[in-house]
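Student: End of the sequence shown sits at 214 in this note's numbering; the numbers just go up one at a time, nothing left out.
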Amino acid sequence: MSRIPLRPEKAGEDIATMEKPPDWSAIFGGDGSLELEIGCGAGGFALEHCRRDPTIRYLAFEWRKKYAREVAHRAEKHGLTRLKVIEGDARIVVPKIFAPNSLDVIHLQFPDPWWKRAHFKRAILLPDFTKLLLGLLKVGGRFDFRTDVEDRAKQGLAVLEKAGFHNPLGPGVFHPYDPEEAPSTRERRYLVTGQPVYRARLVKLAPGHNAVGS
Ligand SMILES: C[S@@+](CC[C@H](N)C(=O)[O-])C[C@H]1O[C@@H](n2cnc3c(N)ncnc32)[C@H](O)[C@@H]1O
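1. With three or more C-beta pairs closer than 8 Å as the rule, is the segment 96-113 touching the segment 129-144?
2. Quick check on the DSSP output: the beta strand (DSSP E) that includes glycine 140 runs from which residue to which?
3. Opposite isoleucine 38 in the DSSP bridges: which residues?
4. Less than 8 Å between the beta carbons of isoleucine 15 and lysine 84, yes or no?
5. DSSP beta-bridge partners for lysine 84?
6. Output needed for proline 168: all residues of its chain with C-beta closer than 6 Å, excluding positions within five of it in sequence on either side, in chain order.
7. Ordered along the chain, which non-local residues of its own chain (more than five positions away) have a Cβ less than 7 Å from that of glutamate 48?
8. Would leucine 160 and alanine 206 be called neighbours here (beta carbons separated by less than 8 Å)?
9. So does cysteine 40 have its beta carbon nearer than 7 Å to some heavy atom of ligand 1?
10. Can you tell me whether histidine 119 is helix, strand or coil according to DSSP?
11. For the candidate residues Arg91, Thr130, Cys40, whose alpha-carbon lies nearest to that of leucine 202?
12. Indicate whether the contact test is met: 3 or more Cβ pairs, each with one atom in the segment 62-80 and one in the segment 28-36, closer than 8 Å.
13. Taking only three categories from DSSP, how would you classify arginine 201?
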């Protein structure tokens, strides 16, 4: 990514400081798929996904100032008015700003593996937060999970399935690569080197459906 002078203001601070879910139609000026990304990094997926479908209402969380402000700058430069970057900790802000059953898609791509035991609590797919994310998805909504770390992939998929996400391919089964899908910044590298990527595409079923293997 070429160097861009950092903006002085935090990206998406108006949204990050909300204490309750806003009227997203008013914020985005209309309807469309409401999508959340946790940890967009340099924003390769967010920018390309929103460029391909400008009707998507996209909220990309990134707690690193440099990435958050650069992605916000690029979104603005390319006229992607429905891509909003929020500079902050998704685990703190997400529960405040989304109502239950409001999200169409959640993207979690190449989350930090947090190798040190002391940092494990920073992981995104911990049981309580994963259940919260399931509650925020609409019935029929999707969870898009990708990672290059095999044991984190297996662990993450197990936590998602245990929380109640349905895996249409069967428990523990990863999704094949779909060349039609936009790659994330990190994924682009692996598509060149051939390093394995583990992908899961899970859905939220209506209450009363058996999530595991139904
Ligand atoms: C390994 S990078 C992957 C970035 C991007 N998804 C990709 O695939 O290229 C993980 C990103 O998640 C961000 N992140 C980790 N935990 C976060 C949190 N709780 N809230 C917001 N961003 C977070 C990190 O700063 C980092 O940029």
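For glycine and all other residues, C-beta sits at the position ideal for the given N, C-alpha and C.
Tutor: So, to answer that:
1. yes
2. For this step, residue 140 is matched to residue 140 along the sequence shown. Here the beta strand (DSSP E) through glycine 140 covers 137-147.
3. The residue you call residue 38 lines up with position 38 of the sequence shown. Phe61, per the DSSP bridge assignment.
4. In the sequence shown, counting from the first residue as 1, residue 15 sits at position 15. In the sequence shown, counting from the first residue as 1, residue 84 sits at position 84. Yes, Cβ-Cβ distance for isoleucine 15 and lysine 84 is below 8 Å.
5. Working through the sequence shown from its first residue, we reach residue 84 at position 84. Paired residue(s): Leu59.
6. Taking the first residue of the sequence shown as 1, we reach residue 168 at position 168. Answer for proline 168: no residue qualifies.
7. What you label residue 48 is simply residue 48 of the sequence shown in a count that begins at 1. Correct list, in chain order: Ala182.
8. Position 160 of the sequence shown, counting from 1, holds the residue named residue 160. Position 206 of the sequence shown, counting from 1, holds the residue named residue 206. Not in contact: leucine 160 and alanine 206 (Cβ atoms no closer than 8 Å).
9. Taking the sequence shown and counting its residues from 1, the one referred to as residue 40 is at position 40. Correct: cysteine 40 has its Cβ closer than 7 Å to ligand 1.
10. The residue you call residue 119 lines up with position 119 of the sequence shown. Histidine 119: helix per DSSP, three-state reduction.
11. Here the question's residue 202 lines up with position 202 in the sequence shown. It is Thr130.
12. no
13. Within the sequence shown, residue 201 is the residue found at index 201, counting from 1. In the structure shown, arginine 201 sits in a strand (DSSP, three-state: E or B).
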